[in-house]
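Asker:
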Amino acid sequence: MNPQANLIFITSLLLGTTITISSNHWIMAWTGLEINTLAVLPLISKSHHPRAIEAATKYFLTQAAASALVLFSSMTNAWHTGQWDITQLTHPTSCLILTSAIAMKLGLVPFHFWFPEVLQGSPLTTGLILSTAMKLPPMTLLYMTSSSLNPTLLTILAILSAALGGWMGLNQTQIRKILAFSSISHLGWMAIILIYNPKLTLLNFYLYAVMTTAVFLTLNTTKVLKLSTLLIAWTKAPSLNTMLLLTLLSLAGLPPLTGFLPKWLIIQELTKQDMAPAATLISLLSLLSLFFYLRLAYCTTITLPPHTTNHMKQWRTNKPTSTAIAILTTVSVMLLPASPMILTIV
Numbered sequence: 002m003n004p005q006a007n008l009i010f011i012t013s014l015l016l017g018t019t020i021t022i023s024s025n026h027w028i029m030a031w032t033g034l035e036i037n038t039l040a041v042l043p044l045i046s047k048s049h050h051p052r053a054i055e056a057a058t059k060y061f062l063t064q065a066a067a068s069a070l071v072l073f074s075s076m077t078n079a080w081h082t083g084q085w086d087i088t089q090l091t092h093p094t095s096c097l098i099l100t101s102a103i104a105m106k107l108g109l110v111p112f113h114f115w116f117p118e119v120l121q122g123s124p125l126t127t128g129l130i131l132s133t134a135m136k137l138p139p140m141t142l143l144y145m146t147s148s149s150l151n152p153t154l155l156t157i158l159a160i161l162s163a164a165l166g167g168w169m170g171l172n173q174t175q176i177r178k179i180l181a182f183s184s185i186s187h188l189g190w191m192a193i194i195l196i197y198n199p200k201l202t203l204l205n206f207y208l209y210a211v212m213t214t215a216v217f218l219t220l221n222t223t224k225v226l227k228l229s230t231l232l233i234a235w236t237k238a239p240s241l242n243t244m245l246l247l248t249l250l251s252l253a254g255l256p257p258l259t260g261f262l263p264k265w266l267i268i269q270e271l272t273k274q275d276m277a278p279a280a281t282l283i284s285l286l287s288l289l290s291l292f293f294y295l296r297l298a299y300c301t302t303i304t305l306p307p308h309t310t311n312h313m314k315q316w317r318t319n320k321p322t323s324t325a326i327a328i329l330t331t332v333s334v335m336l337l338p339a340s341p342m343i344l345t346i347v
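Counting in the numbering used here, the sequence shown runs from 2 upward without gaps.
(1) Looking only at DSSP bridge pairs, what is H26 linked to?
(2) Buried or exposed for K320, going by 16 or more other Cβ atoms inside 10 Å?
(3) Compare the Cα-Cα distances from S163 to each of L231, G33, I9, A280 and report the closest residue.
(4) So does the segment 128-141 actually touch the segment 77-84, counting three or more Cβ pairs closer than 8 Å?
(5) For I349, I'd like the list of residues in its chain whose CB is within less than 7 Å of its CB, leaving aside the five on either flank, ordered along the chain.
(6) In whole angstroms, what separates the C-alpha of S132 from that of I346?
(7) Which residues in the same chain have their Cβ closer than 8 Å to the Cβ of Y294, if we skip the five residues on either side of it in sequence?
(8) Taking a contact to mean a Cβ-Cβ separation below 7 Å, would you say L158 touches I103 in this structure?
(9) Select from L271, T174, I326 the residue whose C-alpha is nearest the C-alpha of R296.
(10) Taking a contact to mean a Cβ-Cβ separation below 7 Å, would you say A57 touches L42 in this structure?
(11) Please name the residue, chosen from P256, L288, K106, that lies closest to V63 on a Cα-to-Cα basis.
(12) Consult DSSP for Q274 and reduce its assignment to one of helix, strand or coil.
(13) Would you kindly work out how many angstroms separate the C-alpha atoms of I176 and P124, rounded to a whole number?
(14) In the DSSP output, what is Q175 paired with across the bridge?
(15) Where do the ends of the alpha helix (DSSP H) carrying I196 lie?
(16) Expressed to the nearest angstrom, what Euclidean distance is found between the alpha-carbon atoms of K264 and I283?
(17) Are there 16 or more other CB atoms within 10 angstroms of the CB of N205, so buried, or fewer, so exposed?
(18) With distances taken Cα to Cα, identify the nearest neighbour of T331 among L246, I36, G170, P341.
(19) What do you reckon, are the CB atoms on T214 and L329 nearer than 7 Å?
(20) Would you mind stating whether C300 and L231 have Cβ atoms separated by less than 7 Å?
(21) Smallest Cα separation from I9: which of V71, L99, R52, N37?
(22) Can you tell me whether K224 is buried or exposed, with buried defined as 16 or more other CB within 10 angstroms of its CB?
(23) According to DSSP, is R52 helix, strand or coil?
(24) Please classify P117 as buried or exposed, where buried requires at least 16 neighbouring CB atoms within 10 angstroms.
(25) Measuring only the C-alpha atoms, how far is I28 from Q84?
(26) So with Cβ pairs under 7 Å, would you call I196 a contact of chain B?
(27) Is the number of C-beta pairs between the segment 190-197 and the segment 267-274 that are closer than 8 Å three or more?
(28) Using only the alpha-carbon positions, how far apart do G122 and T88 sit?
(29) Could you pull out every residue in the same chain whose Cβ sits closer than 6 Å to the Cβ of F217, ignoring the five residues on either side in sequence?
(30) Please give the ranges of any alpha helix (DSSP H) in the segment 232-295, keeping only runs that are unbroken, at least 4 residues long and fully inside the region.
(31) Using a 10 Å radius around the Cβ and a threshold of 16 neighbouring Cβ atoms, would you call M212 buried or exposed?
(32) Determine the burial state of M2: buried for a count of at least 16 other Cβ atoms within 10 Å of its Cβ, exposed for fewer.
(33) Nearest-angstrom Cα distance between L286 and S186?
(34) With a threshold of 16 other CB atoms inside 10 Å of the CB of H49, please say whether the residue is buried or exposed.
(35) Under 6 Å Cβ to Cβ from M140, same chain only, skipping five residues before and after it: list those, please.
Structure, rendered in structure tokens:
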């Protein structure tokens, strides 16, 4: 893609995200979401492969439907209450429609079907944008309206997302699809705590974004797209693959890695809110996703030669690891001891 065009699309993404995050009025928030959608479409379809075009079409249709629902929800609320302010969403029907619209934007179950397909049809760098930056504006809208939303509905969506995200990722061989189901599962954890402690939702999102960015950039460096390629990637960059192993285990939420921190805090908060059954259920469902993270980790580092796969070993690369990957993997692995400091900031 032309560098100037690329710069325009990335700038538009930043602009759309900034408009949505900083707006108080529903129309401005909607405008930011639309700018974001239109800016990311060329990034998805830039390879001109039929699968990329299909992914861009699916993304456009779902995001357009979700944006229409956001507009419909805000207009219904304005009709009944006379308020266009985002934080003044009080009408019950508007709250239900908005929850559905944001669930569709984020890829929460039962509106998740588009997300794995779109991620599979996109390049790894675009997949990274879809998994992290594109989720920030809808997450901000959820944060701002959290006091008005229906707790039962969000809890049901969260538990279904954790279940299906883990369950449907079990038999995947394409790494982008596995990361898409991982994202759906993590969204379940964010949604379940949103009503009770919205700041924990944002903390979970930030840490998830850091860990996912580290995984995507590492895979992009080693040019790995499926499990069979991951099996022989060890010889290419051993130290990078070792850090990928730890980052994947951190995404799974194993102590003493960073990913354990949000899960620990969410379970603690749910127990305080007399929601111990929900906490137990979502913890058990996260074992499903733990399985495919362990599978990825096993393929990354433990299948050392000699083994039975008929692939030629790759040459070790002499390129130094980028500073961004080094910083992100370190943060993804070693942030748990700093949790008291993080909690005082949050």
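Don't be surprised by glycine CBs; every beta carbon is placed ideally from N, CA and C.
Answerer: Considering the structure as presented:
(1) Here residue 26 refers to the residue found at position 25 when the sequence shown is read from its first residue. The partner list for H26 (beta bridge, DSSP) reads D86.
(2) As a first step, residue 320 must be located in the sequence shown, where it is residue number 319. Classification for K320: exposed.
(3) Here the question's residue 163 lines up with position 162 in the sequence shown. For the record, residue 163 in the displayed sequence is Ala; it is not Ser. Residue A280 holds the alpha-carbon nearest to the alpha-carbon of A163 among L231, G33, I9, A280.
(4) Not touching, per the Cβ criterion.
(5) There is simply no residue 349 to check, as the chain begins at 2 and stops at 347 in what is shown.
(6) Translated into positions along the sequence shown, residue 132 becomes position 131. Translated into positions along the sequence shown, residue 346 becomes position 345. C-alpha separation (whole angstroms): 25 Å.
(7) Residue mapping note: residue 294 aligns to position 293 of the sequence shown, counting from 1. Within its own chain, the residues whose Cβ lies closer than 8 Å to the Cβ of Y294, once the five positions on either side in sequence are excluded, are S183, L249, L250, L252, A253, listed in chain order.
(8) On the sequence shown, residue 158 is found 157 positions in, with the first residue counted as 1. On the sequence shown, residue 103 is found 102 positions in, with the first residue counted as 1. No; because the gap between Cβ atoms is not below 7 Å, this pair is not in contact.
(9) What you label residue 296 is simply residue 295 of the sequence shown in a count that begins at 1. Nearest to R296 by alpha-carbon distance, out of L271, T174, I326, is T174.
(10) Locating residue 57 in the sequence shown gives position 56, where the first residue counts as 1. Locating residue 42 in the sequence shown gives position 41, where the first residue counts as 1. L42 is positioned such that its CB atom lies closer than 7 Å to that of A57.
(11) Here residue 63 is taken as the residue at index 62 of the sequence shown, counted from 1. One detail in the question is off: residue 63 reads as Thr in this sequence, not Val. When each option's Cα is compared against that of T63, the closest is K106.
(12) As a position in the sequence shown, residue 274 is number 273, starting the count at 1. Residue state, collapsed to three classes: coil.
(13) By one-based count along the sequence shown, residue 176 stands at place 175. By one-based count along the sequence shown, residue 124 stands at place 123. Answer to the nearest angstrom: the Cα atoms are 12 Å apart.
(14) On the sequence shown, residue 175 is found 174 positions in, with the first residue counted as 1. Q175 pairs with K227.
(15) Here residue 196 corresponds to residue number 195 of the sequence shown, with the count starting at 1. Neither: I196 is in no alpha helix (DSSP H) and is coded neither H nor E.
(16) Along the sequence shown, read from residue 1 onward, the residue named residue 264 stands at position 263. Along the sequence shown, read from residue 1 onward, the residue named residue 283 stands at position 282. Rounded to the nearest angstrom, the two C-alpha atoms are 10 Å apart.
(17) For the purposes of this step, residue 205 is identified with residue 204 of the sequence shown, where counting begins at 1. With 16 or more other Cβ atoms within 10 Å, it is buried.
(18) Taking the first residue of the sequence shown as 1, we reach residue 331 at position 330. Checked all of L246, I36, G170, P341; the closest Cα to T331 is L246.
(19) Along the sequence shown, one-based indexing puts residue 214 at 213. Along the sequence shown, one-based indexing puts residue 329 at 328. Yes, the pair counts as a contact, with Cβ atoms nearer than the cut-off.
(20) Here residue 300 corresponds to residue number 299 of the sequence shown, with the count starting at 1. Here residue 231 corresponds to residue number 230 of the sequence shown, with the count starting at 1. Their beta carbons are under 7 Å apart, which means C300 touches L231 by this criterion.
(21) Along the sequence shown, read from residue 1 onward, the residue named residue 9 stands at position 8. Measuring from the Cα of I9, the nearest candidate turns out to be N37.
(22) Within the sequence shown, numbered from 1, the residue matching residue 224 stands at position 223. Counting Cβ neighbours within 10 Å, K224 comes out exposed, since fewer than 16 surround it.
(23) Here residue 52 corresponds to residue number 51 of the sequence shown, with the count starting at 1. Residue state, collapsed to three classes: helix.
(24) Counted from its first residue, the sequence shown places residue 117 at position 116. Note on P117: 16 or more other CB atoms within 10 angstroms of its CB, so buried under the neighbour-count rule.
(25) Working through the sequence shown from its first residue, we reach residue 28 at position 27. Working through the sequence shown from its first residue, we reach residue 84 at position 83. Whole-angstrom Cα-Cα distance: 12 Å.
(26) Any reference to chain B falls outside this structure, which holds one protein chain only.
(27) Counting Cβ pairs under 8 Å, three or more are found: they touch.
(28) The sequence position of residue 122 within the sequence shown is 121, counting from 1. The sequence position of residue 88 within the sequence shown is 87, counting from 1. So the alpha carbons of these two residues sit roughly 36 Å apart.
(29) Counted from its first residue, the sequence shown places residue 217 at position 216. The residues L125, L129, in chain order, have a CB closer than 6 Å to that of F217 in the same chain once the five nearest residues on each side in sequence are set aside.
(30) Within the segment 232-295, complete alpha helix (DSSP H) segments of at least 4 residues are found at 239-253, 261-273, given in chain order.
(31) In the sequence shown, the residue the question calls residue 212 occupies position 211. Under this definition M212 is a buried residue.
(32) Within the sequence shown, numbered from 1, the residue matching residue 2 stands at position 1. M2 is exposed by the Cβ-count criterion.
(33) Numbered from its first residue, the sequence shown carries residue 286 at position 285. Numbered from its first residue, the sequence shown carries residue 186 at position 185. So the alpha carbons of these two residues sit roughly 9 Å apart.
(34) As a first step, residue 49 must be located in the sequence shown, where it is residue number 48. By the C-beta density criterion, H49 is exposed, having fewer than 16 other C-beta atoms within 10 angstroms.
(35) Counting from 1 along the sequence shown, the entry for residue 140 is found at position 139. Beyond the five residues adjoining it in sequence on each side, M140 comes within less than 6 Å, by CB distance, of F206 in the same chain, given in chain order.
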